[in-house]
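Written out below as structure tokens is the structure these notes cover.
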Amino acid sequence: MLALLLVLVLVGAWELYADLGAIDDFILPAPSQIATALWDDRSLLWSNLLVTAQEVGLGILLALVLGFLLAVALHFSGVLRRGVYPLLVASQAVPIVIIAPLLVVWFGFGIVPKLAIIALVCFFPVVVTTLDALRSVDPDQLKLMRTLDASRWQAFRWAEAPAALPAALSGAKIAVAVAVIGAVFAEYAGSSEGLGHLMLQAIPQLETARAYAAVVLLAAFAVLLFSALALAERRLVPWTHRPEGPNR
Amino acid sequence: MDSPSVATANVEAPVQEPRNVNGGAEGEVHLAGVTRSFGAVRALEGVDLDVRAGERVAVVGPSGCGKTTLLELVCGLQQPDAGTVSSSPAVLMPQRDGLLPWLRAIDNAALAARLAGASRDEARARAHPLFAAFGLEGFERARPHELSGGMRQRVAFLRTLLSGKPVLCLDEPFGALDALTRHEMQEWLAQALAREPRTVLFVTHDVEEAARVADRVLVMSPRPGRITAELAVPPSRTPDELLSVRERALEALRSC
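Protein chains in written order, with the numbering used here: chain W, 52 to 299; chain B, 18 to 273.
Shown next, in the form of structure tokens:
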């Protein structure tokens, strides 16, 4: 409710600023122009949104799976942790614009290079949050597992993995915003469809309002995806949403 | 509802062979000259301890006197630097209940069976009769965060019992409970153990609790932990006798 009010105030201020004519339309379109573009270009925007949404959704899923597996591998192997962790950090410093063309050369204009880029920008928060959670499992619980004769694998299966699952999902939530940006960059680097591709075409055609309409859709999609992950969290890890206990 | 209520229940007899290092019969614990240090800190020094099968021994002492270390040695979670530890298979009930938040109460209680390869239904079927017997009926499907502190301790104790091991090591089992619940849980534990006899080694900083639950109370000195006094609790446990044990334990604690 408060968020909606805030948006209304900001949009109102933006409309006034744009209408007073300080800046050209093709630099900053007014919200009313963007709304018109949203309506007029709706079928074009929708078909491109579907493309980008698929890239982002699958990319995040890929990042979640890979990130979780990598975190588990790093957790089990100190050698790997010392050797690979710094490289992971370094990988995040590589600007996407540098490697995106290479991926396009390797994998073509299809969905694969997009997934690779989105997974690359997204898996890092998943790895970091998951690994931290795996390493901070309650030592009492691990002692308990040992005293009940659990194997190393059983201790992981029963105590560590469930403890790390909420963290992996938090990591994915953090990753949502960068995933959308990653998708746009990936489409900039080489694509024939998608909202990033649409923006790339709209701006030189001075259809700035259409590019902004695409941004509005991307932002809305990010919010939707974030909510979906929050919902998945409630389903998958119900114990973290604790209603206040009756008498604790 | 935290009222003590215990009925008869059949817990399966211990399934494992004793992990006896130096002989020692089923359900016995023997420590001889045990010393354990962590870096420069000497946690335990020259501890001798013999627990008979079925006996309940309480170890009281100030915080940080190596009580938890003692239990972890008996459970095989640590090795002594000097001396010998030989014990029948022992299971630890950690200080904070150690319940797994993602498992329902009954699955927490049945954890040992699951780890031993039983299916979920088998394990639940084995744990189920004990829920009613131990005042937990109707809470089978609750998650730990939905249970009160006393209930959580009951589930944790049930999990310990269902491990089938002859020696139970309880680390401050009621340390986190309020005074009233604590009192109820002491009664509950005494009744539970009357129904399901086990060798019990438990540590506490509360001498009254020790006198109420144990057959024998050992007093430990602050670091390095040594056993400085040993007090037998008369089986009749009249209020006067309990008071006397308590006074003597406090005296021993003050003079060490």
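The C-beta atom is built at its ideal place from N, Cα and C for all residues, glycine as well. Just so we're clear, the structure is a prediction, and the values are computed from it rather than from any experiment.
Under 9 Å between C-beta atoms, does residue i make it to chain B?
i        : result
W:Thr198 : yes
W:Val102 : no
W:Thr291 : yes
W:Ala201 : yes
W:Val288 : yes
W:Glu66  : no
W:Gln205 : yes
Check whether the Cβ atoms of residue i and residue j lie closer than 9 Å to each other.
i        : j        : result
B:Leu175 : B:Leu153 : yes
B:Arg212 : B:Arg229 : no
B:Ala164 : B:Ala122 : The sequence shown places Leu at residue 164 of chain B, rather than the Ala named in the question. Taking 9 Å as the Cβ cut-off, B:Leu164 and B:Ala122 qualify as a contacting pair.
W:Ala214 : W:Val177 : no
B:Gln170 : B:Pro146 : no
B:Leu178 : B:Arg215 : yes
W:Asp76  : W:Ala253 : no
B:Gly134 : B:Ala99  : no
W:Leu185 : W:Glu211 : yes
B:Leu94  : W:Arg197 : yes
B:His222 : B:Gly192 : yes
W:Leu280 : W:Leu96  : no
B:Ser180 : W:Leu199 : yes
B:Val102 : B:Leu90  : yes
W:Val227 : W:Ile111 : yes
I think residue i touches residue j, with their Cβ atoms under 8 Å apart; what is that distance to the nearest whole Å?
i        : j        : result
W:Ile147 : W:Val172 : 7 Å
B:Ala57  : B:Pro241 : Incorrect: roughly 11 Å between the Cβ atoms, too far for contact.
B:Ser104 : B:Val184 : 6 Å
W:Gly245 : W:Thr103 : 4 Å
W:Tyr239 : W:Leu251 : 6 Å
W:Val135 : W:Leu125 : 6 Å
B:Ala231 : B:Arg69  : About 13 Å separates the two Cβ atoms, so there is no contact after all.
B:Ser238 : B:Cys82  : 6 Å
B:Arg160 : W:Trp290 : 5 Å
Hey, does residue i have any beta-carbon neighbour from chain W nearer than 9 Å?
i        : result
B:Val38  : Note that B:Val38 has pLDDT 46, beneath the 50 cutoff, so the model's placement of it is unreliable and the number below is only indicative. No - not a single Cβ of chain W is within 9 Å of the one on B:Val38.
B:Arg160 : yes
B:Arg131 : yes
B:Pro31  : For B:Pro31, the pLDDT reaches just 43, beneath the cut-off of 50, and the residue's location in the model is therefore unreliable, although a value from the coordinates is still provided. With 9 Å as the cut-off, B:Pro31 does not count as an interface residue toward chain W.
B:Leu197 : no
B:Trp119 : yes
B:Val64  : no
B:Ser272 : no
B:Ser238 : no
B:Ser180 : yes
B:Glu154 : no
B:Thr25  : With a pLDDT of 42 at B:Thr25, under the threshold of 50, the modelled position of that residue is not reliable, and no figure is offered here.
Spatial neighbours of residue i within its chain, please: C-beta separation below 7 Å, excluding the five flanking residues on both sides.
i        : result
W:Phe175 : Leu139, Gln143
W:Glu181 : The sequence shown places Thr at residue 181 of chain W, not Glu. Once the five neighbours on either side are set aside, the close Cβ partners of W:Thr181 are Gly118, Phe119, Ala122, Ala215, Ala218, Ala219, Gly222.
B:Ala173 : Met110, Asp114, Gly115, Leu116
W:Ser242 : Phe160, His248
B:Ala140 : Ala127, Ala130, Arg131
W:Val62  : Pro82
B:Leu210 : Arg73, Val217
Ordered along the chain, which non-local residues of its own chain (more than five positions away) have a Cβ less than 8 Å from that of residue i?
i        : result
B:Asp188 : Lys84, Thr85, Leu88, Leu109, Met110, Pro111, Gln112, Phe219, Val220
B:Leu194 : Gly166, Gly167, Gln170, Met202
B:Ala266 : Val77, Val224, Ala227, Ala228, Val234, Val236, Ala246, Leu248
W:Phe236 : Ile147, Val148, Ala151, Ile168, Gly247
B:Gly275 : The shown model of chain B, from 18 to 273, leaves out residue 275 of chain B, and the question about it has no answer.
W:Gly108 : Leu276
W:Phe272 : Leu100, Thr103, Ala104, Val107, Val231
W:Ile162 : Gln105, Glu106, Leu109
W:Ala141 : none
W:Leu131 : Ala124, Leu125
Cutting at 6 Å between CB atoms, please list the residues of its own chain near residue i, excluding the five before and the five after it.
i        : result
W:Leu89  : Ala264
W:Pro190 : none
W:Val229 : Val172
W:Phe158 : Pro164
B:Leu197 : none
W:Pro80  : Thr259, Ala260, Tyr263
> Relative to chain B, which residues along the region 208-229 of chain W have a C-beta separation below 9 Å, given in chain order?
Replying inline: Trp209, Ala210, Pro213, Ala214, Leu216
> Listed in chain order, which residues of the region 172-198 of chain W have Cβ atoms closer than 8 Å to some Cβ of chain B?
Replying inline: Asp189, Asp191, Gln192, Lys194, Leu195, Met196, Arg197, Thr198
> Of all the residues that make up the region 87-114 of chain B, which are near chain W by a beta-carbon distance shorter than 9 Å?
Replying inline: Glu89, Cys92, Gly93, Leu94, Pro106, Ala107, Val108, Leu109, Met110, Pro111, Gln112, Arg113, Asp114
>> Please identify, using Cβ separations under 8 Å, the residues of the region 121-147 of chain B that lie next to chain W, in order along the chain.
In response: Leu128, Ala129, Arg131, Leu132, Ala133
> Name the residues in the region 257-268 of chain B whose C-beta lies less than 9 Å from a C-beta of chain W; which are they?
Replying inline: none
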